[in-house]
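Heads up: the sequence shown at position 204 corresponds to 214 in this note's numbering, and the numbers run straight through without jumps. Glycine included, C-beta positions come from ideal geometry on N, C-alpha and C.
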Amino acid sequence: MSRLRVAVLISGRGSNMTALIDAMKAASAPAEIVVVISNRPDAAGLVRARNADVPTAIVDHKPYGKDRAAFEEALTSELKARDVEFICLAGFMRLFTPQFVTHWYGRMLNVHPSLLPLFKGLDPHGQALAAGVKLSGATVHFVTPETDAGPILVQGAVPIQAADTPESLAARVLTVEHRIYPLALRLVAEGRVRIAGDRCEIDDARAGGSFLISPEA
Ligand code: GAR
Numbered sequence: 011m012s013r014l015r016v017a018v019l020i021s022g023r024g025s026n027m028t029a030l031i032d033a034m035k036a037a038s039a040p041a042e043i044v045v046v047i048s049n050r051p052d053a054a055g056l057v058r059a060r061n062a063d064v065p066t067a068i069v070d071h072k073p074y075g076k077d078r079a080a081f082e083e084a085l086t087s088e089l090k091a092r093d094v095e096f097i098c099l100a101g102f103m104r105l106f107t108p109q110f111v112t113h114w115y116g117r118m119l120n121v122h123p124s125l126l127p128l129f130k131g132l133d134p135h136g137q138a139l140a141a142g143v144k145l146s147g148a149t150v151h152f153v154t155p156e157t158d159a160g161p162i163l164v165q166g167a168v169p170i171q172a173a174d175t176p177e178s179l180a181a182r183v184l185t186v187e188h189r190i191y192p193l194a195l196r197l198v199a200e201g202r203v204r205i206a207g208d209r210c211e212i213d214d215a216r217a218g219g220s221f222l223i224s225p226e227a
C-alpha cells in the first residue's frame, strides 16, 4: 500500500512535528512526512527537520502582508511540488482563508492544547487556569473555516495541579500532544476515519483505558 504523503506546517519549535516524523520514520508506517514548511525563516523546527533528513521549505508570510490568498498560492506551489496529499498543522500560527480550508477539508489536521470545544484561540492554558477546571488536555481535529472547531479525532487529558502556571500546564499538555498527534495521523493514514457531519467516526477504536480524576484526596 502506498504511504500517505504528508506536509507538516510549523511556525516554531516543532516538537509535535518531531513526534510525527519519528512515528512515521519506518518504511512500514502508513504515512510519510515528505516536507516540513515554515512561515517563519527562523523557526527552530526547521533545523530539527533537516537533522531528521526531512526536506524543508520556507514560505515567509511577511512579504504578502495582509494578502492571505497570495501567501496560500506560494504555499500551494510547495505542496504541489511534493505531491502532498495531507496536511498536519503543528504549531502553525497563521489563519487560512475559507477557500484554502475548504479545499483541504478532510485532509488537514490541527493540534490544539485544550480539550475542545473548551478554551479555543489564544492562551488556552491561561483560560483553563482562570476557569478553575481540574483537567485539561489536547485535541487533534480536522480543520474547518471556524478556528479550533472542526470534527474531533483524538483527545488526551492531564490533571491540573494547584500550583500550575500556564507554562507548567503547557509542558504537561505537550507530552499528551506528542502521543495523540501520531495516533491521529496513523488512524487517518490507515483509512479508519470517516467524517460524519460535525463528528469523526473511527473504525475499530476503543475508548482509552482508565478514569482520570483530579484532585485525588
Ligand atoms: C503546541 O502546544 C500546539 O498545540 C500549539 O502550539 C504548540 C506548538 O509547539 N498550537 C496552538 O496553540 C494552535 N492553536 P511545537 O512547535 O513544539 O509543536
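Asked: Beta strand (DSSP E) runs wholly inside the region 64 to 123, at least 3 long, in chain order; Found: 66 to 68, 96 to 99 and 118 to 122
Asked: 7 Å CB neighbourhood of residue 129 in its chain, flanking five on each side removed; Found: 137 and 138
Asked: Contact check, residue 15 vs residue 42, beta carbons under 9 Å; Found: yes
Asked: Among 212, 145, 192 and 207, nearest to residue 221 - alpha-carbon criterion; Found: 145
Asked: The region 193 to 206 contacting the region 25 to 34, beta-carbon criterion three pairs below 8 Å; Found: yes
Asked: Neighbourhood of residue 28 by C-beta distance below 6 Å, restricted to the same chain and skipping five residues each side; Found: 58
Asked: Cβ neighbours of residue 172 in the same chain (closer than 8 Å, five flanking residues each side left out); Found: 225
Asked: Rounded C-alpha distance that separates residue 12 from residue 175; Found: 44 Å
Asked: Where the beta strand (DSSP E) through residue 162 begins and ends; Found: 162 to 169
Asked: Beta bridge counterpart(s) of residue 147 as assigned by DSSP; Found: 167
Asked: Proximity test, residue 134 beta-carbon vs the ligand GAR heavy atom, cut-off 8 Å; Found: yes
Asked: For residue 209, the residue or residues it bridges with in DSSP; Found: 206
Asked: Check: residue 187 C-beta below 8 Å from any heavy atom of the ligand GAR; Found: yes
Asked: Cβ neighbour criterion (16 or more within 10 Å) applied to residue 187; Found: buried
Asked: Local conformation of residue 12 per DSSP, three classes; Found: coil
Asked: CB-CB length for residue 134 against residue 127, believed under 8 Å; Found: 11 Å between Cβ atoms; not a contact.
Asked: Nearest-angstrom beta carbon gap, residue 55 and residue 46 [assumed within contact, 8 Å]; Found: 7 Å
Asked: Identity of the residues DSSP links to residue 48 by a beta bridge; Found: 20 and 68
Asked: Buried versus exposed, by CB contacts within 10 Å (16 or more), residue 306; Found: Past the edges of the chain, shown from 11 to 227, lies residue 306, and the structure says nothing about it.
Asked: Cα-Cα separation between residue 181 and residue 218, rounded to whole angstroms; Found: 22 Å
Asked: Inter-residue Cα distance where the pair is residue 143 and residue 170; Found: 8 Å
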